[in-house]
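Going from the sequence shown to this note's numbering is simple: count from 1 and add 12. Beta carbons: idealized from backbone N, C-alpha and C, even for Gly. Structure first, commentary second.
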Amino acid sequence: MKTIFLFLTITFGLNSALADEAVPYKIEKLKEIETDWSLLKEYEVAEYIELANVRDRDATIRIIQKVKELLLSGELEKAKLLLFKIDKKESALKIIVERYESLIAFIEGDMNKVISILSAPIYFEERYFKEICIMKVTAMITKGPSKELLKNIERCELVTADYTKNDHFWLENVRNLFYEKTIASRGETLSDFQWIFADKEYLRIWLKSGLFINKEKKVEEFVDSIPAIYYNSSEIRELLALLYYRLGNVERAKAFVEDLKGPNAENLKGNINLAQKKYELAYGHFKLALAQKHDSRNALERATPIAWLLKLWDEGSDLLHNSNNPKLDERKKISLDTAFKLRANKTEAAYENAMILQELYGKKPPFEVELMIAHLAMQTNDYSQMVSSLDKTCKHHDGMNCYFELQTLIWSNIAKTSKREGPMHRDMESFLDDIKNPEIITPLQEQINIDQRDIEELDGEQIEI
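Below, the structure written as structure tokens:
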């Protein structure tokens, strides 16, 4: 018995010693089984976790690089989708991810979201604040003057002083225009104007910042002092034209851009003609702007409704497809495209859109969309969809579709009947003549005498009563 116990003790002790001296297991070799953590030493577990973190970090960096490429190419929706795949709470790159999220929100014009993201406590640290303060301040400017904005502007000027080529003139100018009661605004005295007008870049910034915060009247007071040499600059003239357009002085705005050919100038001329209800001229200027800058949002947003007014159905549909407005609801975009295609007699394409809208609205589209679906279902002989849409629109008191719903009870297939060629009834004019003029009725002629043969036939028949 002692011999057996000694043997077991030696055997298990030897196995334990060999296990301690064994070569560490490699995770890569554990393919067909799950990791048995009991086989790993403490440093191996730490290495495993660190390698996993490195892989996650590399994957996140690749996603961020792709997001940057998508933003540069203007594909905001794809960029947002990729960012959504990153688990910010677990990522060491959370700050970078949030900066990209705030940039996307800024591009989309969602300034509340920008301010919300960039107001997190971590961004108050100087090393992070200097990276985001310009965007945060710009977003806050859109909300009007406040003590918080003034504090952010002053701090941003300090931490980013090494990166500005003009001593943050635009920030200073915005601050002065916003808080003119307490701070002397640069540009209110002759010496200030001499300083601003000494350089075209400073003049451009001064005009732009005034327009950005809607201080057109303040800027207009000093426009006559601008040196004549700057009127050779198309950019300065475009800004002055925009200034007067906003102030309602259309003629003076037109005079500044009448001979300019750039996309901004064409958009301004289009807006001027649009305000005067000269739709053909306005549409022409917006098309010229798009010819020079194919993704001009101003031109696209104005040319599309004008195309409808001018009954340019195909062009309107093309303009809509080129629209790059991230705020435009995709369902509304498809609805408008369906209307364009319907008016262009592209029935099949319009009906495909209509069925997509059915799904996007969860089988409960708005009344206007349901009207189009009813009409298109009739045109494409989709009887069941037609009956369903006619019933829904009739319940919303649409008289025409109530009439068509009634016709479904009379005709076996009103969709096909409505496409029959040739008259289904008599000519209306002759019908009206018939009902206006009394019909001549010829009375029946009675026979006084009875034919003898009839009597003989009756006599020869056995009549059973």
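Less than 8 angstroms between the C-beta atoms of residue 153 and residue 186, yes or no? yes
What are the boundary residues of the alpha helix (DSSP H) that includes residue 423? Neither: residue 423 is in no alpha helix (DSSP H) and is coded neither H nor E.
Separation of residue 398 from residue 326, as counted between CA atoms: 26 angstroms
Excluding the 5 residues preceding and the 5 following residue 118 in the sequence, name in chain order all residues of the same chain whose CB lies nearer than 7 angstroms to its CB. 126, 147 and 151
For residue 315 and residue 295, believed in contact at Cβ under 8 angstroms, the rounded distance: 6 angstroms
Comparing alpha-carbon positions, which option in 220, 353 and 140 lies nearest residue 324? 353
Note down the Cα distance separating residue 334 from residue 321, rounded to an integer number of angstroms. 19 angstroms
Reference residue 166; option with closest CA among 188, 156, 155 and 177: 188
In whole angstroms, what separates the C-alpha of residue 355 from that of residue 286? 23 angstroms
Hey, could you find the ends of the alpha helix (DSSP H) residue 394 is sitting in? Premise fails: residue 394 is in no alpha helix (DSSP H) and is neither H nor E.
With the cut-off set at 8 angstroms, would you say residue 405 and residue 383 are in Cβ contact? yes
How would you write the range of the alpha helix (DSSP H) that residue 334 sits in, first residue to last? 325-334
Indicate whether the contact test is met: 3 or more Cβ pairs, each with one atom in the stretch 78-94 and one in the stretch 122-142, closer than 8 angstroms. no
How many Å lie between residue 445 and residue 452 at the Cα? 14 angstroms
Alpha carbon to alpha carbon, what distance is there between residue 222 and residue 413? 54 angstroms
Where do the N-terminal and C-terminal ends of the alpha helix (DSSP H) with residue 282 fall, by residue? 275-287
Pairing CB atoms from the stretch 407-427 with CB atoms from the stretch 362-378, are three or more of them under 8 angstroms? no
Identify every run of the alpha helix (DSSP H) within the stretch 340-402, keeping only runs that are complete inside it and at least 4 residues long; order them along the chain. 342-355, 359-372 and 379-391
Under 8 angstroms by Cβ, that's how I've got residue 98 and residue 72 pegged, so tell me the actual separation to the nearest angstrom. 6 angstroms
For residue 433 and residue 338, the rounded distance between their alpha carbons: 46 angstroms
Measure the beta-carbon distance from residue 274 to residue 246 and round it to whole angstroms, keeping in mind my assumption that it falls under 8 angstroms. 6 angstroms
Compute the distance between the beta-carbons of residue 253 and residue 240, then report whether it is under 8 angstroms. no
Let me know if residue 111 comes out buried or exposed under the rule of 16 or more other beta-carbons within 10 Å of its beta-carbon. buried
Take the Cβ of residue 408 as the centre, count every other Cβ of all protein chains shown within 10 Å, and call the residue buried at 16 or more, exposed below. exposed
Limits of the alpha helix (DSSP H) - the one that residue 234 falls within: Here residue 234 belongs to no alpha helix (DSSP H), and DSSP marks it neither H nor E.
Rounded to the nearest angstrom, how far is the Cβ of residue 279 from that of residue 307, given a contact under 8 angstroms? Wrong, their Cβ atoms sit about 13 angstroms apart, outside the cutoff.
On the CB-based measure, 16 or more other CB atoms within 10 Å of its CB, does residue 82 come out buried or exposed? buried
Near residue 304, which residues of its chain fall below 6 angstroms by C-beta distance, leaving aside the five closest residues on each side in sequence? 275
State the DSSP-derived secondary structure class of residue 243, mapped to helix, strand or coil. helix
If you scan the stretch 92-152 from start to end, which runs of the beta strand (DSSP E) of 3 or more residues do you find wholly inside it? none
Please identify the residue among 180, 344, 242 and 388 whose C-alpha is closest to the C-alpha of residue 364. 388
Can you grab the Cα-Cα spacing for the pair residue 36 / residue 69, in whole Å? Here the model assigns residue 36 a pLDDT of 44, short of 50, so the residue's position is not dependable, and the following value carries that caveat. Rounded to whole angstroms, residue 36 to residue 69 spans 26 angstroms at the Cα level.
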